[in-house]
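**Q** Going by my numbering, the first residue of the sequence shown is number 4, and it counts up by one from there.
Heads up, the beta-carbon is just placed ideally off N, CA and C, and yes, glycines get one too.
Quick caveat, the model's predicted, so the values are computed rather than measured.
The following block contains the structure, expressed as structure tokens.
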Amino acid sequence: MTMRHQYQDLIQLFHHTFFDEYNTRLVKGGDEPIYLPAGEQCPYHQIIFAHGFYASAFHEIAHWCHAGEARRLLEDFGYWYIPDGRDKDQQKKFEQVEIIPQAIEWAFNVAAQKEFQVSSDNLDGYQADTEGFKLKVLAQVQHFLMYGFPKRANQFIETLAHFYNTPLPLTIEHFTRKEDEACLN
């Protein structure tokens with residue numbers, strides 16, 4: 004039996020887990036994901052993910068789970084973003100700020116029993132060491148497994164694991180395939 008992954012489930016799970024405490028909703032959007040804090044236009048914070056894509060929703064939720072209280076009051080958490088086509092230095096900065104969110108996103112995928120691919124998100128720019136980036140993200144996963152995920156990330160991992168019947172706690176075996184294990188030693 005294949006697992007059904009529908010973005011509507013994520014919207015409901017996120018709402019039931021976080022809306023009352025954080026006044027934040029997950030919203031299906033169009034081409035570009037964005038985080039919008041509450042304001043005159045909307046009384047609640049919005050995590051808007053692209054096109055109903057599961058991966059986009061998980062990625063944007065991961066950024067929200069990592070963002071502190073002050074950053075959650077800023078559009079897109081106050082982060083700079085240079086779109087696809089980044090040069091070597093820009094790509095290096097991009098990957099540095101993506102390690103933690105992608106580690107959290109990976110855990111969401113594991114909890115939902117869904118495959119995950121790290122993303123350098125720079126198809127038309129400098130081609131970085133994607134395997135090296137993946138190992139940095141995996142090292143961050145190992146750190147979280149040892150010392151704990153951020154509070155909101157952990158709450159959502161538990162919510163997803165319950166919904167998708169994934170046994171907890173997550174362990175490094177959930178994140179590695181046999182061919183990856185050689186890289187960890």
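Looking at the structure shown, is Thr162 part of a helix, part of a strand, or coil, going by DSSP?
**A** Here residue 162 refers to the residue found at position 159 when the sequence shown is read from its first residue. Helix at Thr162.
**Q** Give the C-beta separation of Ile160 and Phe152 to the nearest angstrom, bearing in mind that I take them to be a contact with Cβ-Cβ under 8 Å.
**A** By 1-based counting over the sequence shown, the position of residue 160 is 157. By 1-based counting over the sequence shown, the position of residue 152 is 149. Their Cβ separation, rounded to whole angstroms, is 6 Å, which keeps Ile160 and Phe152 in contact under 8 Å.
**Q** Just the Cα atoms here: how many angstroms apart are Glu98 and Leu141?
**A** Counted from its first residue, the sequence shown places residue 98 at position 95. Counted from its first residue, the sequence shown places residue 141 at position 138. Between Glu98 and Leu141, the C-alpha separation is close to 13 Å.
**Q** Can you tell me where the alpha helix (DSSP H) holding Phe61 begins and where it ends?
**A** The residue labelled residue 61 in the question sits at position 58 within the sequence shown. Taken as a continuous stretch (DSSP letters only), the alpha helix (DSSP H) holding Phe61 covers Tyr57 to His69.
**Q** Looking at C-alpha atoms only, which residue of Val30, Glu24 and Asp23 is the closest neighbour of Tyr10?
**A** Looking up residue 10 in the sequence shown gives position 7. Residue Val30 is the option with its Cα nearest to Tyr10.
**Q** Less than 8 Å between the CB atoms is what I'm expecting for Gly58 and Asp34, so what's the real figure, rounded?
**A** Walking along the sequence shown from the start, residue 58 turns up at place 55. Walking along the sequence shown from the start, residue 34 turns up at place 31. Here residue 58 turns out to be Ala, not Gly, going by the sequence shown. In fact, because the Cβ distance is near 15 Å, the residues do not count as touching under 8 Å.
**Q** When the distance is taken between beta carbons, is Leu173 closer than 9 Å to Val121?
**A** In the sequence shown, residue 121 corresponds to position 118, counting from 1. In the sequence shown, residue 173 corresponds to position 170, counting from 1. Their beta carbons are not under 9 Å apart, which means Val121 does not touch Leu173 by this criterion.
**Q** Kindly identify the DSSP beta-bridge partner or partners of His48.
**A** Position 45 of the sequence shown, counted from the start, is the residue given in the question as residue 48. For His48, which the question treats as bridged, DSSP gives the partners Thr27.
**Q** Do Tyr38 and Glu63 have their C-beta atoms within less than 9 Å of each other?
**A** For this step, residue 38 is matched to residue 35 along the sequence shown. For this step, residue 63 is matched to residue 60 along the sequence shown. Result yes, Cβ atoms of Tyr38 and Glu63 sit closer than 9 Å.
**Q** What residue does the beta strand (DSSP E) around Tyr38 start on, and which one ends it?
**A** Taking the first residue of the sequence shown as 1, we reach residue 38 at position 35. From DSSP, the beta strand (DSSP E) with Tyr38 extends over Ile37 to Leu39.
**Q** Which residue from Asn157, Ala156, Leu138 and Glu118 puts its Cα closest to that of His177?
**A** Sequence index remark: in the sequence shown, residue 177 carries index 174 (1-based). Among Asn157, Ala156, Leu138 and Glu118, the Cα nearest to that of His177 belongs to Glu118.
**Q** Closest by CA to His48, which one among Gly55, His69, Phe80 and Phe61?
**A** Looking up residue 48 in the sequence shown gives position 45. Taking only the C-alpha atoms, the option nearest His48 is Phe80.
**Q** Shortest alpha-carbon distance to Met149 belongs to which of Ile175, Thr133 and Gln93?
**A** The residue given as residue 149 occupies position 146 in the sequence shown. Of the listed residues, the one whose Cα sits closest to Met149 is Ile175.
**Q** Could you tell me the boundaries of the alpha helix (DSSP H) in which Pro104 lies?
**A** The sequence position of residue 104 within the sequence shown is 101, counting from 1. Where Pro104 is concerned, the enclosing alpha helix (DSSP H) stretches over Lys91 to Ala114.
**Q** Decide if Trp196 is buried, meaning its Cβ has at least 16 other Cβ atoms within 10 Å, or exposed.
**A** Lying outside 4 to 188, the shown extent of the chain, residue 196 is not represented and no answer is given.
**Q** Buried or exposed: which applies to Trp67, given that a residue is buried once 16 or more other Cβ atoms fall within 10 Å of its Cβ?
**A** If you number the sequence shown from 1, residue 67 lands on position 64. It counts as buried.
**Q** Gln15 to Phe21, Cα distance in whole Å?
**A** Position 12 of the sequence shown, counted from the start, is the residue given in the question as residue 15. Position 18 of the sequence shown, counted from the start, is the residue given in the question as residue 21. Computed Cα separation, rounded: 10 Å.
**Q** Going by beta carbon distance, what residues of the same chain come within less than 6 Å of Gln105, once the five residues before and after it are set aside?
**A** Numbered from 1 along the sequence shown, position 102 holds the residue referred to as residue 105. Once the five neighbours on either side are set aside, the close Cβ partners of Gln105 are Val121 and Val140.
**Q** Check this for me: beta carbons of Ala60 and Ile50, under 9 Å apart or not?
**A** Indexing the sequence shown from 1 puts residue 60 at position 57. Indexing the sequence shown from 1 puts residue 50 at position 47. Yes, Cβ-Cβ distance for Ala60 and Ile50 is below 9 Å.
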